[in-house]
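Participant:
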Amino acid sequence: LDASGRKPAPTFAGSLAAFSGGKSKPPTSAGFVSDLDNPAFSAENGAAGFWAPLEYFRRTGCNIFFLEPYDPKKTPILFVHGAAGSPQDWRCFIRNLDRTRYQPWVFYYPSGARLDTVYFLLQTKLYELHRKYAFENLYVVAHSMGGLVSRAAIIEDSTFSDSIRLFVSISSPWGGEGRAKTGVEKSPAVIPSWKDVEPDSPYIQRIFSKKLDPSIRYYLFFGHKGGGSLFRQNNDNTVTLESMLDPRAQADALKVTGLNEDHVSILCSPEMLRHFQAVLAATEEHKDKTYVRSRGYLQVEHAFDPPGTKIPSQMSLVLAPSGTDRKEKQLKIDPFQSRQETGAIAPGRYDVSLCAFGFSTHPDHLTLEVKAGQITDAKFILKPQGMIANLIYAKTALDDRFWGFYRELPGKAKIRSIRLTGQGISRSLTPDDKMSDREVLATFLASRDYAHKNSFAFFDLPAGTYDLTIEADGCETWSEKVKAQPGEFVPPAPIRLIVK
């Protein structure tokens, strides 16, 4: 639980120097503006707050600090450190914030104190700030034990509750810590907060007595770069994976993400920081969206190869229920947004594909489990390819064509071959009427040539002009020049065969 990895210092090494040179009490008004390099925010002082919480409280207090004057145009992000931690644990996160859009706040507290007291103080400080500034949006980011403190404040009804839009927990011991229980039972000097971090402590039971409000986007992150032994379960060098992945916490999470980091390194991990930026972007886009916890959601990410490829005008996400013949569902995707969220989707297992005419998709599908109340990732690469595809009907009177009337080929007009030649390519297709609709869909999405009933498609064609010839029993041979251009395909008017 110690983000600093240090032992407690024998003295406070001038931790009050930033607060009137140690000659007066620390500020008690929420929103006091300070600096992250403030000596009071040092790892040494943070560790002292764990091992000697009462003395720390007398010297340093417990408060929400601003790192810049309040700006109503910026969204506040409240950072809550873990046991033996300090605001400086968040240096990498704060350094990477877009300070034109966000203003960082830090909650600094004696982490060895009883968590009931700490969360009450956090709630009180937030109440003061909301009464003063009436902020409409607040994001909360917590590390380790800070997650337990934050959740307790978030689930309680208060004037600021409706403003909380985002909650991110990182490496939090949601299931408690067995070593805390051992410390309570056997240590001659018990850290007060140990009692609250015991597995199944009244405090942990209470923070899960209520679910998070559906309007709050909750993301759970954990690290798995630790160890395990005969005497201790797999862990991140501090907290066990079992505790970080407590099912009660996962049930509220839109997304659960594991990183190859330990308990300390995760706070400056480039991958963690990239994930956090993506979380912020998704939250901004869906800030006012209330999630239906009985439905699942997909975060779709796509890129083009090569970069700089002309972006298609339309794109759709295809979800085909796995292992059944149930009809697929299509959702519109904005081709110009490389990352976007879509839903709500009935929970279940799906073969998920991204379709853009004139492009092949890699992989051609992903089999994903869409879970209720959670966001699942789907990532695709699109590469330009030439394609020629169409539908075949019987020729009708001119008036009927004007009104968009299409006449199916009569039973005697069986298509024998569909030939494509040109650019050094010669291919021929014969309709396979035994294919199921699902097989046709999978073949099309995988960019494989096919002909089925009155439809056909040729894929992976070089740019150029081709001769397309169709022969069918009881019909005149149809032949025409057609063009293929990778990255571009506009469905042409259907082909109309003249029935003899």
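To convert, count from 1 in the sequence shown and add 773; that's the working numbering. Yeah, the Cβ is synthetic: ideal placement off N, Cα and C, and Gly gets one too. Everything numeric in this text was worked out from a predicted model, so none of it was measured.
#1: Could you pull out every unbroken beta strand (DSSP E) segment of at least 3 residues lying fully inside the region 988–1041, listed in chain order?
#2: Tell me the DSSP secondary structure of W967 in three-state form.
#3: Apart from the five residues on each side of it in sequence, which residues of its chain come closer than 6 Å, Cβ to Cβ, to Q1072?
#4: Given T932, which residues of its chain have a CB within under 8 Å of its CB, disregarding the five upstream and five downstream residues?
#5: Roughly how many angstroms separate the alpha carbons of D1009 and M918, rounded to a whole number?
#6: Exposed or buried, A907, counting other C-beta atoms within 10 Å across all chains shown (16 or more means buried)?
#7: In this structure, does DSSP put I1106 in helix, strand or coil?
#8: Judging by CA-CA distance, which residue of Q1087, L921, F814, A821 is the nearest neighbour of E950?
#9: DSSP on N818, reduced to helix/strand/coil?
#10: Can you tell me which of the three DSSP states I1191 falls into?
#11: Apart from the five residues just before and just after T1194, which ones in its own chain have a Cβ nearer than 7 Å to its Cβ?
#12: When you compare the CB positions of A1186 and L1155, do they come within less than 7 Å of one another, or not?
#13: According to DSSP, simplified to helix, strand and coil, what is E1181?
#14: Assuming M1160 and F1262 form a contact by the criterion Cβ under 8 Å, report the distance between their Cβ atoms to the nearest whole angstrom.
#15: In this structure, how does DSSP classify F866 when only helix, strand and coil are distinguished?
#16: Using DSSP with H/G/I as helix, E/B as strand and the rest coil, what is A791?
#17: Report the rounded CA-to-CA distance for I964 versus F940, giving the unit in angstroms.
#18: Can you have a look at R1122 and say buried or exposed, based on whether 16 or more other CB atoms are within 10 angstroms of its CB?
#19: When you compare the CB positions of P883 and I850, do they come within less than 7 Å of one another, or not?
#20: In angstroms, rounded to a whole number, what distance separates the CA positions of Q1103 and K1028?
#21: Using 8 Å as the cut-off, can you tell me whether the region 1030–1039 makes contact with the region 1068–1085, which would need three or more C-beta pairs spanning the two stretches below that distance?
#22: Over what stretch of residues does the alpha helix (DSSP H) that includes I1150 continue unbroken?
#23: Roughly how many angstroms separate the alpha carbons of G787 and G1069, rounded to a whole number?
#24: Would you call the CB atoms of D1124 and A1145 closer than 7 Å?
#25: The beta strand (DSSP E) that contains V1089, what's its start and end?
#26: Just tell me which of F1231, P1043, G1247 has its CA closest to the CA of P1259.
#27: Under the DSSP definition of a beta bridge, which residues are partnered with G1069?
#28: Can you confirm whether the region 909–916 touches the region 808–823 when touching is taken to mean that 3 or more C-beta pairs between the two stretches lie within less than 8 Å?
#29: Give every residue of the same chain whose Cβ lies closer than 8 Å to the Cβ of S793, excluding the five residues on either side of it in the sequence, and list them in chain order.
#30: Rounded to the nearest angstrom, what separates K1168 and L1127 at their Cα positions?
#31: With DSSP run on the structure shown, which of helix, strand or coil describes Q1196?
#32: In angstroms, rounded to a whole number, what distance separates the CA positions of L1018 and G948?
#33: Just to confirm before moving on: does the CB-CB distance between K1207 and G1247 stay below 7 Å?
#34: Tell me whether S859 is buried or exposed, calling it buried when 16 or more other Cβ atoms sit within 10 Å of its Cβ.
#35: Could you tell me the alpha carbon to alpha carbon distance between L1090 and E1212, rounded to whole angstroms?
#36: Should E1181 go down as buried or exposed, given a rule of 16 or more other Cβ atoms within 10 Å for buried?
Facilitator: The short version:
#1: Uninterrupted beta strand (DSSP E) stretches at least 3 residues long and entirely within the region 988–1041 occur at 990–996, 1028–1032, given in chain order.
#2: helix
#3: Here the set comprises E1114, I1148, D1150.
#4: Only residues of its own chain outside the window of five on either side were considered, and among them Y900, H903, R904 have a CB closer than 8 Å to the CB of T932, listed in chain order.
#5: For D1009 and M918, the distance between alpha carbons rounds to 14 Å.
#6: exposed
#7: coil
#8: Looking at the Cα atoms, L921 is the closest of the given residues.
#9: Helix at N818.
#10: strand
#11: Y1239, D1240
#12: no
#13: coil
#14: 5 Å
#15: helix
#16: Confidence at A791 is low in this model, with a pLDDT of 39, below 50, so its placement is unreliable and no value can be given for it.
#17: The straight-line gap from Cα to Cα measures roughly 27 Å.
#18: exposed
#19: no
#20: Near 23 Å, if we compare the C-alpha coordinates of K1028 and Q1103.
#21: With the rule of 3 Cβ pairs closer than 8 Å, the region 1030–1039 does not count as touching the region 1068–1085.
#22: According to the sequence shown, residue 1150 is Asp rather than Ile. Here D1150 belongs to no alpha helix (DSSP H); instead the beta strand (DSSP E) covers 1148–1157.
#23: Residue placement at G787 is poorly supported in this model, since its pLDDT is 39, which falls under 50; the coordinates still yield a value, given next. Taking the straight line joining both Cα atoms gives about 51 Å.
#24: no
#25: Strictly speaking, residue 1089 in this sequence is Ser, with Val absent from that position. Counting along the chain, the beta strand (DSSP E) containing S1089 begins and ends at 1089–1094.
#26: F1231
#27: I1118
#28: no
#29: Note that S793 has pLDDT 35, beneath the 50 cutoff, so the model's placement of it is unreliable and no number is given.
#30: 34 Å
#31: coil
#32: 8 Å
#33: no
#34: buried
#35: 17 Å
#36: Exposed, since its Cβ has fewer than 16 Cβ neighbours within 10 Å.
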